[in-house]
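Protein chains in written order, with the working numbering: chain A, 84 to 443; chain B, 162 to 351.
Every residue gets a Cβ at the ideal spot worked out from N, C-alpha and C, and that includes glycine.
Heads up, the thing below is written out as structure tokens.
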């Protein structure tokens, strides 16, 4: 690798990890203000305009609070459990592309941290590791309620992983690739031309059922309401009952990162990924830029488009949280195994028939 | 891409260290966690050899599914406390074990010394696979065309295993056993 390649790779890794780390405090503020809007309250409004700097004193409080470790826990595993939650959440974003390939000094660089030919299988591999943080946290707490909580949450994650994986199979069949880069590029094609409006081949238009299943399953994978049984503070005891201060905050950070990754995946798989929003392409063409400037402004617009889409789905997570009540454990399992799983299989079948008939 | 020796030694060293921990640790759950780390180190080695698919499958199947199942079983059966009673081993057994270790090590050394790399099987060289669209595509195309029959047979085998499990789990208990259970309960209450 040349020096330039090293710089670009380091830059991409830094960008992705940095963005994911900043997502947690920002989403914390969005969530509290969003909850306030939905519940007709004011929410945090003291620090900065609209309380936007609320996260800073929160973080300071978490860091300086006494980090008390209960005497009965299994020290080492108790310590590493929050870290284990965080690592897969950080790693998953690596395969999500955030722009068309660009050319610097004659070399082409893919705007994707890791270009693996296994594509989203990598994402499922990482998602399946997320469950270890919960199991280890619950077990190391040496508390029967924490252990029960971790059992409950890990069985939830394992059950919904199946539907999550199966719902994407339809998409793979249509685009005949598992790599996310080509998948996004193929979504740029025009499916229907309705007068001046072109409907692109976005995943949602080809696979509406698959998209619905994917969104529901990713809510369960990110442990968000209506499936937040791992947390469920009002009536049940979660797996992190023995955790306090920054260790607890790390679990929460992992949750927000998972949310960001899930939103990024929904946007990439079903909503055209970094494909520019309507109007941006016309704007870019009308500016008459030099090739280099065109490339960079296109990259910037693509990044903005992806960020906008991801932000929209993050807001959906918040919106649903404060709208839909929590499922009971048996309802959750019924939904996962008796509704989503058969529907995902049906989706694969329907897609196969449609491909056979040449409709997609 | 050639594998960088430094990374190979890091991951291989980790794999050996964690494997040792699997054997040494007295708690079954700690052993299971260390086994997950072993699988992860293997996946790292595979990924550096550009076998991304094998690495991903290693993690999805072994680290993500099999080991979670192991942990569930250990936790639910509460096997953690009861599992390893450390009995001191007699001299005869030690001698037998040590001789097996020596034989195994000798065998490995002999195999590594005496095998030569025969090159890729038929025309599956790295360049050809890359030209055909990468590991994942080549493997899945083969699996769903030429090797569809073994693939489907394997899935039927798994289906049989699932049905068998459900049949055993949902089996109705014989009436005598149920009565015995209630009688024992009644006895306790009095």
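Alpha carbon of residue i to alpha carbon of residue j, nearest angstrom
i: residue 126 of chain A; j: residue 116 of chain A; result: 5 Å
i: residue 346 of chain B; j: residue 333 of chain B; result: Because residue 346 of chain B sits at a pLDDT of 44, beneath the cut-off of 50, its placement in the model cannot be relied upon, and the point is left open.
i: residue 309 of chain A; j: residue 213 of chain A; result: 19 Å
i: residue 375 of chain A; j: residue 383 of chain A; result: 12 Å
i: residue 156 of chain A; j: residue 223 of chain A; result: 6 Å
i: residue 342 of chain B; j: residue 328 of chain B; result: Confidence in residue 342 of chain B is poor, its pLDDT being 49 and thus under 50, which makes the residue's placement too unreliable to answer from.
i: residue 306 of chain B; j: residue 315 of chain B; result: 15 Å
i: residue 291 of chain A; j: residue 427 of chain A; result: 11 Å
i: residue 189 of chain B; j: residue 255 of chain A; result: 40 Å
i: residue 396 of chain A; j: residue 261 of chain B; result: 59 Å
i: residue 220 of chain B; j: residue 209 of chain A; result: 8 Å
i: residue 291 of chain B; j: residue 196 of chain A; result: 20 Å
i: residue 365 of chain A; j: residue 385 of chain A; result: 13 Å
i: residue 176 of chain B; j: residue 224 of chain B; result: 14 Å
i: residue 109 of chain A; j: residue 422 of chain A; result: 34 Å
i: residue 112 of chain A; j: residue 134 of chain A; result: 8 Å
i: residue 370 of chain A; j: residue 179 of chain A; result: 29 Å
i: residue 263 of chain B; j: residue 213 of chain B; result: 35 Å
i: residue 311 of chain B; j: residue 440 of chain A; result: 27 Å
i: residue 297 of chain A; j: residue 238 of chain B; result: 34 Å
i: residue 89 of chain A; j: residue 304 of chain B; result: 37 Å
i: residue 141 of chain A; j: residue 101 of chain A; result: 19 Å
i: residue 149 of chain A; j: residue 143 of chain A; result: 12 Å
i: residue 265 of chain B; j: residue 299 of chain B; result: 36 Å
i: residue 221 of chain A; j: residue 368 of chain A; result: 55 Å
i: residue 302 of chain B; j: residue 309 of chain B; result: 10 Å
Contacts of residue i in chain B (Cβ-Cβ under 7 Å)
i: residue 205 of chain A; result: 217
i: residue 214 of chain A; result: 229
i: residue 241 of chain A; result: 229
i: residue 420 of chain A; result: The contacting residues do not exist; residue 420 of chain A stays about 13 Å from chain B at best.
Outcome for residue i when other beta-carbon atoms lying within 10 angstroms are tallied against a minimum of 16
i: residue 331 of chain B; result: exposed
i: residue 272 of chain A; result: exposed
i: residue 324 of chain B; result: exposed
i: residue 43 of chain A; result: With chain A running from 84 to 443 in the structure shown, residue 43 of chain A is simply not present.
i: residue 344 of chain B; result: Unreliable placement is indicated for residue 344 of chain B, whose pLDDT of 45 sits below 50; the coordinate value is still reported in the next sentence. That one is exposed.
i: residue 348 of chain B; result: Note that residue 348 of chain B has pLDDT 41, beneath the 50 cutoff, so the model's placement of it is unreliable and no number is given.
i: residue 286 of chain B; result: exposed
i: residue 182 of chain A; result: buried
i: residue 161 of chain A; result: buried
i: residue 357 of chain A; result: buried
i: residue 333 of chain A; result: buried
i: residue 200 of chain A; result: buried
i: residue 236 of chain B; result: buried
i: residue 207 of chain B; result: buried
i: residue 351 of chain B; result: Residue placement at residue 351 of chain B is flagged as unreliable, the pLDDT there being 37, under the threshold of 50; the coordinate-derived value follows with that caveat. It is exposed - the Cβ of residue 351 of chain B has fewer than 16 other Cβ atoms within 10 Å.
i: residue 146 of chain A; result: exposed
Cutoff 7 Å: residue i Cβ touching any chain E Cβ
i: residue 250 of chain A; result: Absent from the structure is chain E; the protein chains it does hold are A and B.
Per-residue contacts from residue i into chain A (C-beta, under 7 Å)
i: residue 232 of chain B; result: 218
i: residue 225 of chain B; result: 208, 211, 212
i: residue 210 of chain B; result: Within chain A, no residue comes near residue 210 of chain B; the closest Cβ sits about 13 Å away, beyond 7 Å.
i: residue 323 of chain B; result: The contacting residues do not exist; residue 323 of chain B stays about 13 Å from chain A at best.
i: residue 327 of chain B; result: Going along chain A, no residue has its Cβ under 7 Å from residue 327 of chain B, so there is no contact; the nearest lies around 13 Å.
Closer than 6 Å: residue i CB and nearest the ligand ATP heavy atom
i: residue 209 of chain B; result: Among the components of this structure there are no ligands whatsoever, and the ligand ATP is therefore not found.
Proximal residues of chain A, C-beta to C-beta of residue i below 8 Å
i: residue 214 of chain B; result: 200, 201, 204
i: residue 221 of chain B; result: 204, 207, 208, 211
Contact set between residue i and chain B, taken where Cβ atoms lie within less than 9 Å
i: residue 112 of chain A; result: Residues of chain B passing the Cβ test: none, with the nearest at roughly 33 Å.
i: residue 89 of chain A; result: Neighbours of residue 89 of chain A on chain B: none; closest Cβ ~14 Å, over 9 Å.
Interface residues of chain A facing residue i [CB-CB closer than 9 Å]
i: residue 206 of chain B; result: Going along chain A, no residue has its Cβ under 9 Å from residue 206 of chain B, so there is no contact; the nearest lies around 15 Å.
Using 8 Å as the Cβ pair cut-off and three pairs as the minimum, do the segment 186-199 of chain A and the segment 226-239 of chain A touch?
Flag = no, the segment 186-199 of chain A and the segment 226-239 of chain A do not touch.
Between the segment 179-205 of chain A and chain B, which residues of the former have a C-beta closer than 9 Å to a C-beta of the latter?
For the segment 179-205 of chain A, which is checked against every Cβ of chain B, the residues closer than 9 Å are 199, 200, 201, 202, 204, 205.
Between the segment 249-266 of chain A and the segment 423-441 of chain A, can you find at least three pairs of beta-carbon atoms closer than 8 Å?
Verdict: yes, contact present.
Inter-stretch contact (C-beta, 8 Å, three-pair minimum) for the segment 164-177 of chain A and the segment 331-339 of chain A
With the cut-off at 8 Å, the segment 164-177 of chain A and the segment 331-339 of chain A touch.
Quick one, which residues of the segment 281-310 of chain B are near chain A if we go by CB-CB under 7 Å, in chain order?
Listed by position, the residues of the segment 281-310 of chain B near chain A (Cβ gap below 7 Å) are 295, 296, 297.
With 8 Å as the limit, tell me which residues of the segment 184-199 of chain B have their beta carbon closer than that to any beta carbon of chain A; keep them in chain order.
Across the segment 184-199 of chain B, CB contacts with chain A closer than 8 Å involve 190, 191, 194, 197, in sequence order along the chain.
Is the segment 260-279 of chain A touching the segment 411-418 of chain A, taking contact as three or more C-beta pairs under 8 Å?
Using a C-beta cut-off of 8 Å, the segment 260-279 of chain A makes no contact with the segment 411-418 of chain A, since fewer than three inter-stretch Cβ pairs fall below that distance.
Is it true that the segment 165-177 of chain B meets the segment 188-203 of chain B, where meeting means three or more beta-carbon pairs spaced less than 8 Å apart?
Flag = yes, the segment 165-177 of chain B and the segment 188-203 of chain B touch.
Can you pull out the residues from the segment 245-272 of chain A whose beta carbon lies closer than 7 Å to at least one beta carbon of chain B?
Correct list: 261.
In chain order, what residues of the segment 164-184 of chain B put their CB closer than 9 Å to some CB of chain A?
Here the close residues number zero.
Please confirm if the segment 260-272 of chain B is in contact with the segment 184-199 of chain B, defined as three or more CB-CB distances below 8 Å between the two stretches.
Touching, no.
Is there contact here, the segment 272-287 of chain A with the segment 326-335 of chain A, by at least three beta-carbon pairs under 8 Å?
Contact between the segment 272-287 of chain A and the segment 326-335 of chain A is absent, because fewer than three Cβ pairs lie under 8 Å.
Please identify, using Cβ separations under 9 Å, the residues of the segment 226-238 of chain A that lie next to chain B, in order along the chain.
Hits within the stretch, in order: 230, 233, 234, 237, 238.
Is the segment 203-218 of chain A touching the segment 173-181 of chain A, taking contact as three or more C-beta pairs under 8 Å?
The segment 203-218 of chain A vs the segment 173-181 of chain A: in contact.
Cβ contact check for the segment 383-395 of chain A and the segment 341-361 of chain A: 3 or more pairs under 8 Å
Three or more beta-carbon pairs separated by less than 8 Å link the segment 383-395 of chain A to the segment 341-361 of chain A, which places the two stretches in contact.
Using a Cβ-Cβ cut-off of less than 7 Å, list which residues of the segment 268-297 of chain A approach chain B; keep chain order.
From the segment 268-297 of chain A, no residue has a Cβ closer than 7 Å to chain B.
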